[in-house]
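Take a look at the structure set out below.
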Amino acid sequence: MQTETSVNSHASRIYDSSLAVNKDVLDFDVLNGFERVKSDDGSDILIELIDLYLQSTATQVLTMQTASTVNGWNVVKRAAHTVKGTSSTLGLHRIAKTCQEIEEASSISTDQIGALIRQLELHFREAESALTAERNRRAGNCVVSS
Amino acid sequence: MRFNELSSNRVLIADDDPVIRHLVATVVKQEGCDVVLANDGREAYRVLQTDSKFLAAILDICMPFLEGLDLVQYMRSEKRLRRIPVMIITAEENIKLVSKSFAAGATVFLPKPFVPEQLENATRMLLHNQRMGRSAG
Numbered sequence: 532m533q534t535e536t537s538v539n540s541h542a543s544r545i546y547d548s549s550l551a552v553n554k555d556v557l558d559f560d561v562l563n564g565f566e567r568v569k570s571d572d573g574s575d576i577l578i579e580l581i582d583l584y585l586q587s588t589a590t591q592v593l594t595m596q597t598a599s600t601v602n603g604w605n606v607v608k609r610a611a612h613t614v615k616g617t618s619s620t621l622g623l624h625r626i627a628k629t630c631q632e633i634e635e636a637s638s639i640s641t642d643q644i645g646a647l648i649r650q651l652e653l654h655f656r657e658a659e660s661a662l663t664a665e666r667n668r669r670a671g672n673c674v675v676s677s
Numbered sequence: 035m036r037f038n039e040l041s042s043n044r045v046l047i048a049d050d051d052p053v054i055r056h057l058v059a060t061v062v063k064q065e066g067c068d069v070v071l072a073n074d075g076r077e078a079y080r081v082l083q084t085d086s087k088f089l090a091a092i093l094d095i096c097m098p099f100l101e102g103l104d105l106v107q108y109m110r111s112e113k114r115l116r117r118i119p120v121m122i123i124t125a126e127e128n129i130k131l132v133s134k135s136f137a138a139g140a141t142v143f144l145p146k147p148f149v150p151e152q153l154e155n156a157t158r159m160l161l162h163n164q165r166m167g168r169s170a171g
């Protein structure tokens, strides 16, 4: 049986490992700032925001991929704009920057968009694993071994 | 009377982004208000066509079907909606949008990215005048 101390110390090691995540991928200072917002049912707002972000961004990236194959640049631009706003607010700077580039390219040089969307997909996968780890840590789903 | 009391504590939130919508709704509820959510500009427009009992409205600019600024203009053109203060949220970086928003009739302008304190302060600012007016009345 584990003591509370050993669980806490393990949790803090897990938390420390999150510091190894590049700040451009996920800025924990920005993300954790939202802890002060309290849900009326007492649930962890960050878990809810992470779940919503992962789900909606995956959909938006897919929308961009599909729209770009049929030259639907306005659709690409709108999706990139939406992801940019959420990502910058939650501290996912790299995704926000790439979305900004996609948004600009949709009005100027559309030949770059395919490559930029592929780049966005890679950045999203990086962020997804960091966010999922943080989400699981918060939900207490980490496997703790003594 | 009871219905009027409750209904005047409602805030309309329109944003096509579920993350921002949820975040804004949580902050508004934290301030003791009820929320009515719209997933895009058209949905918000439909709500406003039949319902004017809102303490305030919080609208994203860039939404499918109908943009936030078009909604503000609609609200300012309708006598029954004119008194509702509006906060505009946007990820647009065009500085002219600030003056365009105020010219259209917005009360508060909040650019993305924002930190929680900015969202909370902007929400309080939006609700403050209405609540003061109500308690004075």
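Line order of the protein sequences matches chains Z and G. Taken in order, the first sequence gives residues 532 to 677; the numbers are from this note's numbering. Taken in order, the second sequence gives residues 35 to 171; the numbers are from this note's numbering. Positions of the beta carbon are idealized from the N, C-alpha and C atoms, including for glycine.
Within 8 Å, strictly: CB atoms of residue i and residue j
i: residue 96/G; j: residue 609/Z; result: yes
i: residue 657/Z; j: residue 568/Z; result: no
i: residue 90/G; j: residue 81/G; result: no
i: residue 49/G; j: residue 58/G; result: yes
i: residue 119/G; j: residue 160/G; result: yes
i: residue 122/G; j: residue 140/G; result: yes
i: residue 614/Z; j: residue 596/Z; result: no
i: residue 70/G; j: residue 44/G; result: yes
i: residue 633/Z; j: residue 607/Z; result: yes
i: residue 472/Z; j: residue 580/Z; result: Within the shown structure, residues of chain Z are numbered from 532 to 677, placing residue 472/Z beyond reach of any answer.
i: residue 587/Z; j: residue 146/G; result: no
i: residue 78/G; j: residue 46/G; result: yes
Cβ of residue i within 8 Å of any chain Z Cβ
i: residue 92/G; result: no
i: residue 45/G; result: no
i: residue 61/G; result: yes
i: residue 50/G; result: yes
i: residue 64/G; result: yes
i: residue 67/G; result: no
Chain G contact for residue i (CB, 8 Å cutoff)
i: residue 568/Z; result: yes
i: residue 576/Z; result: yes
i: residue 616/Z; result: yes
i: residue 565/Z; result: yes
i: residue 653/Z; result: no
i: residue 562/Z; result: no
i: residue 536/Z; result: Residue confidence for residue 536/Z is low, a pLDDT of 42 falling below 50, so the modelled location carries little weight; the figure read from the coordinates is stated next. Not an interface residue.
i: residue 678/Z; result: Any property of residue 678/Z remains undetermined from this structure, which presents chain Z solely from 532 to 677.
i: residue 647/Z; result: no
i: residue 583/Z; result: yes
i: residue 619/Z; result: yes
i: residue 587/Z; result: yes
Beta-carbon neighbours of residue i, restricted to chain A and to distances below 8 Å
i: residue 580/Z; result: In the structure shown, chain A does not exist; the protein chains are Z and G.
Those residues which DSSP pairs with residue i across a bridge
i: residue 88/G; result: BP columns for residue 88/G are empty, so no partner.
i: residue 94/G; result: 123/G
i: residue 48/G; result: 72/G, 93/G
i: residue 143/G; result: 122/G
Inset, instruction - Please list the residues of the stretch 127-144 of chain G that have a C-beta atom closer than 9 Å to any C-beta atom in chain Z, keeping them in chain order. - result: Answer set for the stretch 127-144 of chain G: 127.
Legend entry - Chain-ordered residues of the stretch 594-613 of chain Z with a beta carbon less than 9 Å from chain G: Of all residues in the stretch 594-613 of chain Z, 609, 612, 613 have a Cβ within less than 9 Å of some Cβ in chain G.
Inset, instruction - Could you tell me whether the stretch 557-565 of chain Z touches the stretch 643-653 of chain Z, using the rule of 3 or more Cβ pairs below 8 Å? - result: no
Legend entry - Cβ contact check for the stretch 664-673 of chain Z and the stretch 50-65 of chain G: 3 or more pairs under 8 Å: no
Legend entry - Within 9 Å of chain Z by C-beta, residues of the stretch 145-157 of chain G in sequence order: 146, 147, 148, 149, 150, 151, 153, 154
Inset, instruction - With 8 Å as the limit, tell me which residues of the stretch 69-84 of chain G have their beta carbon closer than that to any beta carbon of chain Z; keep them in chain order. - result: none
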